[in-house]
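Protein chains in written order, with the working numbering: chain H, 137 to 454; chain Y, 137 to 454; chain L, 137 to 454; chain F, 137 to 454. In this text, a Cβ means the ideal position worked out from N, Cα and C, and glycines have one as well. Fair warning: this is a prediction, and the values are worked out from it, not measured in the lab. To start, the structure under review is shown below, and the notes come after it.
There are 4 protein chains.
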Amino acid sequence: MKKIGIIGGGGYTAGELIRILQYHPQVEISYVHSNSQQGKTISDVHEDLIGETELVFTGDLHFEVDAIFLCMGHGQSATFVEKNDIPASVAIIDLSRDYRLSESYVYGLPELNKTAIRQSNRIANCGCFATAVQLGLLPLAFAKKLNQPVHIHAITGSTGAGQKPAPTTHFSWRNNNISIYKAFTHQHLDEIKRSLHQLQPDASLELNFLPLRGDFPRGIYASLYTQTQQSLEELYELYEDYYADHPFTIVTRKNPYLKQVVNTNKALIHLARHEDKVLIISMIDNLVKGASGQAVQNMNLVFGWEETLGLQLKALAF
Amino acid sequence: MKKIGIIGGGGYTAGELIRILQYHPQVEISYVHSNSQQGKTISDVHEDLIGETELVFTGDLHFEVDAIFLCMGHGQSATFVEKNDIPASVAIIDLSRDYRLSESYVYGLPELNKTAIRQSNRIANCGCFATAVQLGLLPLAFAKKLNQPVHIHAITGSTGAGQKPAPTTHFSWRNNNISIYKAFTHQHLDEIKRSLHQLQPDASLELNFLPLRGDFPRGIYASLYTQTQQSLEELYELYEDYYADHPFTIVTRKNPYLKQVVNTNKALIHLARHEDKVLIISMIDNLVKGASGQAVQNMNLVFGWEETLGLQLKALAF
Amino acid sequence: MKKIGIIGGGGYTAGELIRILQYHPQVEISYVHSNSQQGKTISDVHEDLIGETELVFTGDLHFEVDAIFLCMGHGQSATFVEKNDIPASVAIIDLSRDYRLSESYVYGLPELNKTAIRQSNRIANCGCFATAVQLGLLPLAFAKKLNQPVHIHAITGSTGAGQKPAPTTHFSWRNNNISIYKAFTHQHLDEIKRSLHQLQPDASLELNFLPLRGDFPRGIYASLYTQTQQSLEELYELYEDYYADHPFTIVTRKNPYLKQVVNTNKALIHLARHEDKVLIISMIDNLVKGASGQAVQNMNLVFGWEETLGLQLKALAF
Amino acid sequence: MKKIGIIGGGGYTAGELIRILQYHPQVEISYVHSNSQQGKTISDVHEDLIGETELVFTGDLHFEVDAIFLCMGHGQSATFVEKNDIPASVAIIDLSRDYRLSESYVYGLPELNKTAIRQSNRIANCGCFATAVQLGLLPLAFAKKLNQPVHIHAITGSTGAGQKPAPTTHFSWRNNNISIYKAFTHQHLDEIKRSLHQLQPDASLELNFLPLRGDFPRGIYASLYTQTQQSLEELYELYEDYYADHPFTIVTRKNPYLKQVVNTNKALIHLARHEDKVLIISMIDNLVKGASGQAVQNMNLVFGWEETLGLQLKALAF
């Protein structure tokens, strides 16, 4: 059994990580660190865990573990890593944005970097929108066919906005509501572009990206289209080949819907063609494949385990 | 045209009041007062009002109006009334709890006190749960038949908890969720009991009241039952007679559902009988009949107008 | 008072029409015709109307009215008009698609055809998606600036799919779910293109339109973007000028959200600029401005009344 | 590995069973039988299962399995068992109501009948409301303290109404709505009363039960109260003792909320006291602990396995 430490244990991604890791057959959670919650039980904060764990948040830190997950806010991971003398043997999986564009961390999207992840123990876990968008585009870039502007709309659940209350996460406001934010300028564009460029150095990087706030808690539903000359059948072959060795990314020929992936680590990809364009539907659970599930998938790779270990999660379905 | 001032204009009930009063044929809003929002336009805060009003929140106060509505938090109305020298000619309609048990204000539930409201200009607007529960019980108390314990279960929308964010109004938490609060001890019980006692001095005041937080923004759905010897037909006659002159409270013989009243000033009452018990369903929109719509209804009575003036609101229905 | 007949009275748009017309100051509903519901009361079917109307669905038809609204399914309006000898003096407002591309009916979008609507009494009411999309693009076409492909993404509420149960309107499925349908091929594209061509004969008609099924009952939220050389200020002036005489279409400089228009006849339009593109947000309530409210607006114009008569509806807001 | 057959594979409970059993470490699904769906793949119908199973619905029936689960509609299980010659060695777990009051099947509520379930292979799986209500009352009956009328309100998710569309499961209707049905007369009362009588032959069986339709897909939230003389501490001890050996039923001293149990096989029980009454909150996921999860729990007991095998499900939480 590998020993795990979780840093920044009070937020949504840490909670989701605990939910997954507690039943992972090869790890045990050594501690969950939180400055703000220390002394409370885990289930005082992540209340659905009542009856499943007796763990208590700690304010004491140590690195006698095999891996740590950094679940703090953006900016705080880098500070933490600088301030603490983390042994090189301890794997670090950072769920923040801090190292995603860094050379010293492997960008943690297994569908792009599986081999590199297996050989590293410094992983910058991929962002949620970035996961959904990249899974929709990677095969095209891999085939050097991403040559035209891409039009991307993606609707996200409210958990993407985190735990801290805001006017746009107030139930009275968000129920049955839709709105847009950061149109064309979302901060995940940088990491997306770097990945596309990695696969196709001359890829078109005109990504017109409209993120929307959806009136549901979990999930990202992305629709993307671009011009391409390949037939639908060629495109399906390309995508199916690309994802053949990636157990969580499923290419489906049937028009999918978001709840097929909610509460799972799966991504669903669907293609359609209209005149000279291909439409790509890509969807994930933002807290699982878009955050904590993918972090566990990365850990499995780092430790040389089966990628799906501990991640065979029952879908919500309804 | 009567002139209206609204005090405490930034909250949910003030917004709802403006939505209704702006199209009321006999009034004009002179000012909307708010310490926290002064200088902003009304539609900066109540954003759906964009295009409908050019009003700006003011920090200046005056009483050269025919009526003021107090929409501040509980406790602040009494302070406001004490600190300001409000002319006796200015009608005061207070939406807080502060004067509901006072002798100097008429308790503003038209289905109980219509004549007194018409003769007064100091009105303590009835609470939201209190409206739903009383409308379910008043005819029984009027007939002196409220002699046994009452069992009350009422689910409220999130707007009942106000605008200020709280863990229990966070969308990620409240969506598809249900919980209970203040079981048996909700603060509206006092005003309910006083009204029942007013109609039936020896009424049973054992009211077992379970309030629940529903996963919808608007509405209160209450189910009540108690033992009674009257037949269903006698009960329907009693309720239909009692509400015959109350245009907003409708007795229906068909099992109703909450969205029949959402966005209206209506209350729906339905009765059923099982063995020795009567089941009473009572439902309102908590922000309309449970707050601002009822405040306008009270104003109409105070000014001697038709009770329904400005309150013929299109139901949401879906 | 003008007399009104409603044909096909059992569906969503007829219900919404009755909700609005019952409080319209210049009309009375003479009859509501329905083959399937005849003999039932209106509130047996449109249950929120309980206590507001004593009308009964009729199976008898006559044309001793001033206007009829056709609320039947697509295809049935044309059949009805052919089979019945409707006097030329009776205004016909058809809510189906049947006459939208016809020369003999005026296309009922007041923001495009107000003068023609005023001079006609044969109106083909504009479709719901078509309303949202056109309101986003008409000023550009009017200024002859619609010269580049347009990218359109629009999310609709479930009431757009009508009353008949379907797998995609089952609550267990649709709650917290998102999906796409008729990508690039939605049937409203034809009417949209005709309108754009009317204003700008050489307009780009490459409209890439992705309609999505949202997990809310009411509303359409559309985001559109296209290349343009005008500055944001020039664009705002263009839109504000274009809509200056259209009381229901509001141009706002603040990022809006869908619930600002729910349960109203308003459309909200917002603009933003990114590099060489303009982003246009356009939103309506699909049952009101997208159907029955717009039908009443058209009727007001046909009868020479104030456009807003009977349409000053309180927003839901929450 | 034990071999499993599922009969009536197209409905909600069968889908949920497949979701759970596919990752159960000790079983393999031999076949999923469905007359209506035969020839389709499992994921054509239970679409979230795409990528997880290649199984196809079969119309052929055989009993060379270790257990069959009957997931047909109420009434059809008994017909099936009568018409087919099922070997005595094949365990039958019936999810319908058909055998719940029968002497020949063990009533499948492990918290009541764990020993008997272990010794049988004919199990009538407990109903969903019946599970929530009984888990709230069993300890009181066990202690012979259920001597006064019980007042029960329980709100259920839409999946409790099954897959077949109905007016009350239409999204446009059910979203943000609440209604009551079968007040005082729900068909689960019989099985509840039999269990209470089993533990306390002189128990009060006056159960005033109001079931409500909630506007969420999954879960049952039940509140129950009755008069009792025991202190809160005595009651907690009683409940904690009773459930000490039942890993899925958790007694919590903190006011819980429904989403703590959604997508899990857990039940949460909370107690409070007010004057002479105890309030009991009991909640489950109606499709898991209220149906398919409990069916697997029963199977585990029948086969002599650890009760929690295959049932350590990640909570949805949000």
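Rounded Cβ spacing between residue i and residue j (contact assumed at less than 8 Å)
i                 : j                 : result
Val432 of chain Y : Arg254 of chain Y : With a Cβ gap of about 15 Å, Val432 of chain Y and Arg254 of chain Y do not count as contacting.
Glu327 of chain Y : Leu237 of chain Y : 6 Å
Thr362 of chain F : Pro285 of chain F : 7 Å
Val269 of chain L : Ile288 of chain L : 6 Å
Ser367 of chain F : Gly272 of chain F : That belief does not hold up - the Cβ atoms of Ser367 of chain F and Gly272 of chain F are roughly 18 Å apart, past 8 Å.
Ile142 of chain Y : His169 of chain Y : 7 Å
Ser308 of chain Y : Pro353 of chain H : 5 Å
Asn391 of chain L : Ile259 of chain L : Between Ile259 of chain L and Asn391 of chain L the Cβ distance is about 34 Å, and since that is not below 8 Å, they are no contact.
Leu245 of chain F : Cys207 of chain F : Not confirmed; about 18 Å, so no contact.
Terminal residues of the alpha helix (DSSP H) in which residue i lies
i                 : result
Pro303 of chain L : Unbroken run through Pro303 of chain L: none, as it is neither H nor E.
Thr215 of chain Y : Gln212 to Lys219
Asp230 of chain H : Segment Ala227 to Asp230 is the beta strand (DSSP E) holding Asp230 of chain H; no alpha helix (DSSP H) there.
Glu247 of chain L : Pro246 to Arg254
Leu371 of chain Y : Leu368 to Tyr378
Spatial neighbours of residue i in its chain, beta-carbon cut-off 8 Å, leaving aside the 5 residues before and after
i                 : result
Leu341 of chain L : Lys329, Leu332 and His333
Gln158 of chain H : Ile165, Leu185, Glu188 and Thr189
Ile229 of chain L : Ala203, Ile204, Phe205, Leu206, Gly244, Ile259, Asn261, Ala431, Asn434, Met435 and Val438
N-terminal and C-terminal residue of the beta strand (DSSP E) that residue i is part of
i                 : result
Lys139 of chain H : Lys138 to Ile143
Thr292 of chain Y : Val286 to Thr292
Tyr317 of chain L : It is not in any beta strand (DSSP E) - Tyr317 of chain L carries neither H nor E in the DSSP assignment.
Arg155 of chain Y : Element bounds for Arg155 of chain Y: not the beta strand (DSSP E) but the alpha helix (DSSP H), Tyr148 to Leu157.
Leu404 of chain F : Ala403 to His410
Thr362 of chain Y : Ile356 to Gln363
Val163 of chain H : Val163 to His169
Leu415 of chain Y : Lys413 to Ile420
Local conformation of residue i per DSSP, three classes
i                 : result
Glu442 of chain H : coil
Arg389 of chain F : coil
Ala339 of chain Y : coil
Pro275 of chain F : helix
Phe205 of chain Y : strand
Phe345 of chain F : strand
Val432 of chain Y : helix
Leu325 of chain L : helix
His182 of chain F : coil
Leu452 of chain H : coil
Phe265 of chain L : helix
Val398 of chain Y : coil
Ala260 of chain F : strand
Thr189 of chain F : coil
Spatial neighbours of residue i in its chain, beta-carbon cut-off 7 Å, leaving aside the 5 residues before and after
i                 : result
Thr444 of chain F : Pro383
Asn436 of chain F : Glu442, Glu443 and Leu445
Sequence-distant residues of its chain with Cβ nearer than 6 Å to residue i (five each side left out)
i                 : result
Asn257 of chain H : Ala227 and Val438
His324 of chain F : Gly263, Phe265 and Ala266
Leu415 of chain H : Tyr361 and Ala408
Ala252 of chain Y : Val242
Listed by chain order, chain A residues near residue i by CB distance under 8 Å
i                 : result
Phe352 of chain F : Structure shown: chain A not included; protein chains present are H, Y, L and F.
Touching or not, the stretch 445-452 of chain F and the stretch 394-414 of chain F, by the rule of three or more beta carbon pairs under 8 Å?
yes
Three or more C-beta pairs below 8 Å linking the stretch 308-324 of chain Y and the stretch 347-355 of chain Y
yes
Across the stretch 293-311 of chain F and the stretch 410-425 of chain F, are there enough close Cβ pairs to call them in contact, namely three or more that are closer than 8 Å?
yes
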